[in-house]
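Same order as they appear, the protein sequences are chains A and B. Positions 28 to 398 (our numbering) are the ones given, in order, by the first sequence. Positions 491 to 772 (our numbering) are the ones given, in order, by the second sequence. For glycine and all other residues, C-beta sits at the position ideal for the given N, C-alpha and C. No experiment lies behind these values; they were computed from the predicted model shown.
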Amino acid sequence: MSEPRRVLLLTHDDLAGLIEELAAAGAPAVAPAWAGGAGRAAGALAAPRETEYRTVTGAAELACGERLPRLSLKSLFLPATEVLFSWRRTAGDVELTPAPTDLPARVVLGARPCDAAALPIVDRVMDWDHADELWSARRAATTVFSLACGVEDDSCFCSAVFLDPASDRGADGRLTPVEGGYLVETFSDKGDAFVAAHGGAFGDLPAGAAGGEPLAQAAAFRAAAGERVAANLRLDHERVRDWLEHHFDDPFWATLGPRCNGCGVCSSVCPTCHCFDIVDEPDSVGHGVRRRNWDTCQACVFTLHASGHNPRADQNARYRQRVEHKFLTYPTRFGDVLCTGCGRCSRACPTGQDLTEILADIDGRARGELP
Amino acid sequence: MSDRPAGNLYQPDLVVVEAVTDETPDTRTYRLRFRDPDRAAAFSFRAGQFGEYSVFGAGESTFCIASPPTRTGYFECTVKAAGKVTGGLRQADVGDLLGFRGPYGNAFPVEEWEGRDLVLIAGGIGLAPVRCVIWTVLDRRERYGNVTIVYGARSVADLVYKRELDEWAARDDVRLVVTVDPGGETSDWGGEVGYVTPVVERTAPRAEAAVAVLCGPPVVVKLTLPVLAGLGFADEAVYTTLENRMKCGVGKCGRCNIGSVYVCKDGPVFTAAQLKALPQDY
Numbered sequence: 028m029s030e031p032r033r034v035l036l037l038t039h040d041d042l043a044g045l046i047e048e049l050a051a052a053g054a055p056a057v058a059p060a061w062a063g064g065a066g067r068a069a070g071a072l073a074a075p076r077e078t079e080y081r082t083v084t085g086a087a088e089l090a091c092g093e094r095l096p097r098l099s100l101k102s103l104f105l106p107a108t109e110v111l112f113s114w115r116r117t118a119g120d121v122e123l124t125p126a127p128t129d130l131p132a133r134v135v136l137g138a139r140p141c142d143a144a145a146l147p148i149v150d151r152v153m154d155w156d157h158a159d160e161l162w163s164a165r166r167a168a169t170t171v172f173s174l175a176c177g178v179e180d181d182s183c184f185c186s187a188v189f190l191d192p193a194s195d196r197g198a199d200g201r202l203t204p205v206e207g208g209y210l211v212e213t214f215s216d217k218g219d220a221f222v223a224a225h226g227g228a229f230g231d232l233p234a235g236a237a238g239g240e241p242l243a244q245a246a247a248f249r250a251a252a253g254e255r256v257a258a259n260l261r262l263d264h265e266r267v268r269d270w271l272e273h274h275f276d277d278p279f280w281a282t283l284g285p286r287c288n289g290c291g292v293c294s295s296v297c298p299t300c301h302c303f304d305i306v307d308e309p310d311s312v313g314h315g316v317r318r319r320n321w322d323t324c325q326a327c328v329f330t331l332h333a334s335g336h337n338p339r340a341d342q343n344a345r346y347r348q349r350v351e352h353k354f355l356t357y358p359t360r361f362g363d364v365l366c367t368g369c370g371r372c373s374r375a376c377p378t379g380q381d382l383t384e385i386l387a388d389i390d391g392r393a394r395g396e397l398p
Numbered sequence: 491m492s493d494r495p496a497g498n499l500y501q502p503d504l505v506v507v508e509a510v511t512d513e514t515p516d517t518r519t520y521r522l523r524f525r526d527p528d529r530a531a532a533f534s535f536r537a538g539q540f541g542e543y544s545v546f547g548a549g550e551s552t553f554c555i556a557s558p559p560t561r562t563g564y565f566e567c568t569v570k571a572a573g574k575v576t577g578g579l580r581q582a583d584v585g586d587l588l589g590f591r592g593p594y595g596n597a598f599p600v601e602e603w604e605g606r607d608l609v610l611i612a613g614g615i616g617l618a619p620v621r622c623v624i625w626t627v628l629d630r631r632e633r634y635g636n637v638t639i640v641y642g643a644r645s646v647a648d649l650v651y652k653r654e655l656d657e658w659a660a661r662d663d664v665r666l667v668v669t670v671d672p673g674g675e676t677s678d679w680g681g682e683v684g685y686v687t688p689v690v691e692r693t694a695p696r697a698e699a700a701v702a703v704l705c706g707p708p709v710v711v712k713l714t715l716p717v718l719a720g721l722g723f724a725d726e727a728v729y730t731t732l733e734n735r736m737k738c739g740v741g742k743c744g745r746c747n748i749g750s751v752y753v754c755k756d757g758p759v760f761t762a763a764q765l766k767a768l769p770q771d772y
């Protein structure tokens, strides 16, 4: 955890003012918000309300500290579908127009730390030898303030993947709930620039002993959350990696495939899954776009050769790929793991495939405690 | 890549179709040239590298560069019509504009092979990458020892690069063995009949101081590797290419990995020794 550069306070009222100010300036903040917009009356539906990351114009839309958004922050940087370039045929020519990369600056207020941490993890892939300009441009244009997390539920396991519920990884700044608002800390030039540009919203800590009060409240909040999540899962990554490396053909994988529909929802909701497909989409005769769409290693066609040969012929192999890519392949190539422990895959799986259980199971096998 | 035009990583260069050769009823070779002369001048590649070829409106697909780096000013790919992109390529005619990104991936270490005997084996469309090696070697013939080529196809009609096969057969500094699967021969067929694997065994090239290249359908590669080992080829002296499905070609789309190896970045060229260290995920 890095030392904060600046420590400030943001009251609930000032946060509301900041959100309105940003919206009025034409650059509304992205924040966890109630799904369906502000217009839907609370209690109109019996089902608990979903939250999502989206632009907000008023504090009433905010869902900071509420349920985890169903989709991660990934869509902001790698949209589910996006145009790479457009093409147009004219007489004897083809004109290509790339997707713009001169993007307006934007700020995220209240990202989950597990979502912010995914950004530098995916950076390593997107920057690998050839920089992916579209990803890089969105990263450069975005300032991310995370919100220290109170831990969602038993599916969370950030503390088992080198993070914690208040991790500053990938965050330019962090909010932590304190009495009357948030303690704000900055960690980067972008974070500093944002608080400087909106100085009216951010207050200094009270002078003297009173200034210690919000710091103590924030520390207590973070410590409690850290303790809560640590109970969910512990992993010895070196041991897990070693087991994965030597158990490619283990019968264990055959217990996972039959429980998997291959729907790929785990990849869609995952903050670190970044696999994509590239397809052409003609608009009409003579012009169209080439798109990049999210893809998933859980789909049977993902690795299918034109000849009909499929290296990953069954769901066992496809599920193994998901686990191996995150906990063996990525670690071997880039360090740490391709997972931030957000638990979304376990929550979203229609057949109850639970990554926390699977990892605990693998760790148990690696320790020799399970057959 | 500094020599790229404005755009992004996924935006191809425009290439002009200079020639189209029918190889078989379903397979064609396209000779391509960069439309931008500066790009053409800056372009170079090594034997074994691949590219992403696109037909605007149909999409993009991965093929090796089938022509040798020793011949400049153009490059070629040989494509069997099988899906949407290859079907779209089928419509491409001389003068048409296609897209190309590349070259990507590693290469055959042809310089390291100088002074050694070469055994170049291909099954089916696997002759495309091997052809790149063959011409690279034949264009600098004096640098290599004996050259043996073993090529097998399903039937006589499925043989690609027929004129070049005749050319290689006519040379006295190349030993060419061409075979077709049993039942694929015609009444006037003068070559071998049998699958590639037993024909390699029968041809029995000398393994001493030799390097083998083996490209073809996964099953041909899997079955022929042990035969080469039996002939005395060390795993480090046997090279093949993996043809995993790819989209981006540059290590991002997550499709082509085998264990911790990315075929697009670490391959497509691997030695048999490297293959043995990989999980069976190809």
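Selected residue, minimal CA-CA separation from residue i, among the options
i               : options                        : result
V505 of chain B : B:G739, B:V637, B:G563         : B:G563
F590 of chain B : B:G674, B:R525, B:E513, B:V668 : B:R525
A702 of chain B : B:V689, B:C754, B:A719, B:S551 : B:A719
Y500 of chain B : A:R317, A:P59, A:L190          : A:R317
F221 of chain A : A:E30, A:A51, A:G379, A:A56    : A:A56
I748 of chain B : B:C738, B:G739, B:T730, B:Q770 : B:Q770
L588 of chain B : A:E122, A:R94, A:A126          : A:E122
R345 of chain A : A:W321, A:S182, A:C369, A:S294 : A:S294
A167 of chain A : A:A237, A:V134, A:A236         : A:V134
P278 of chain A : A:L397, A:S373, A:W321         : A:L397
P708 of chain B : A:A107, A:L331, A:G119         : A:L331
V188 of chain A : A:G391, A:G395, A:N343, A:T383 : A:T383
A58 of chain A  : A:G230, A:S334, A:L36, A:A138  : A:A138
R755 of chain B : B:K742, B:T761, B:C705         : Before going on, a small fix: residue 755 of chain B reads as Lys here, not Arg. Looking at the Cα atoms, B:K742 is the closest of the given residues.
R696 of chain B : B:V620, B:F546, B:P559, B:G635 : B:G635
T626 of chain B : B:Y772, B:R561, B:F553         : B:R561
T299 of chain A : A:W321, A:T282, A:P285, A:C287 : A:W321
Helix, strand or coil at residue i according to DSSP, with G and I counted as helix
i               : result
F279 of chain A : helix
C300 of chain A : coil
P769 of chain B : coil
P59 of chain A  : strand
T669 of chain B : strand
L649 of chain B : coil
K574 of chain B : helix
A43 of chain A  : helix
W270 of chain A : helix
Y752 of chain B : strand
A73 of chain A  : With a pLDDT of 47 at A73 of chain A, under the threshold of 50, the modelled position of that residue is not reliable, and the figure given next carries that caveat. Of the three classes helix, strand and coil, the one that applies to A73 of chain A here is coil, per DSSP.
V640 of chain B : strand
L504 of chain B : strand
V188 of chain A : coil
T330 of chain A : coil
A158 of chain A : coil
G66 of chain A  : Residue placement at G66 of chain A is flagged as unreliable, the pLDDT there being 49, under the threshold of 50; the coordinate-derived value follows with that caveat. Reduced to three states, the DSSP call for G66 of chain A is coil.
P377 of chain A : coil
Beta strand (DSSP E) segment containing residue i, residue limits
i               : result
V178 of chain A : No beta strand (DSSP E) holds V178 of chain A; DSSP gives it neither H nor E.
H314 of chain A : 314-321
Boundaries (first-last residue) of the alpha helix (DSSP H) holding residue i
i               : result
P599 of chain B : That residue, P599 of chain B, is in no alpha helix (DSSP H); it is neither H nor E in DSSP.
I385 of chain A : 382-393
Y500 of chain B : First-last for Y500 of chain B: undefined, no H or E at that position.
R133 of chain A : Premise fails: R133 of chain A lies in the beta strand (DSSP E), 133-138, not in any alpha helix (DSSP H).
A221 of chain A : It is worth fixing the name first, because residue 221 of chain A is Phe in this sequence and not Ala. Counting along the chain, the alpha helix (DSSP H) containing F221 of chain A begins and ends at 216-224.
E254 of chain A : 239-257
E122 of chain A : Where E122 of chain A is concerned, there is no enclosing alpha helix (DSSP H), although the beta strand (DSSP E) it sits in stretches over 120-125.
Cross-strand partners of residue i (DSSP beta bridge)
i               : result
E704 of chain B : For the sequence presented, residue 704 of chain B should be read as Leu rather than Glu. B:I611, B:T730, per the DSSP bridge assignment.
S785 of chain B : Because chain B is modelled from 491 through 772, residue 785 of chain B falls outside the range shown and cannot be assessed.
A509 of chain B : B:R521
7 Å Cβ shell around residue i - same chain, five flanking residues per side excluded
i               : result
Q244 of chain A : V205, E206
E79 of chain A  : A60, A62, P96, R97, L98
E839 of chain B : Past the boundaries of the shown model lies residue 839 of chain B; chain B is included only from 491 to 772, so the question cannot be answered.
Cβ shell of residue i (< 8 Å), same chain only, five flanking positions each side left out
i               : result
H352 of chain A : C324, L365
D129 of chain A : A164
G253 of chain A : S186, D191, P192, A193
Close beta carbons around residue i, own chain, < 6 Å, minus the five adjacent residues each side
i               : result
E77 of chain A  : A62, R97
S215 of chain A : D199
A375 of chain A : V292, V296
V753 of chain B : L732, N734, C746
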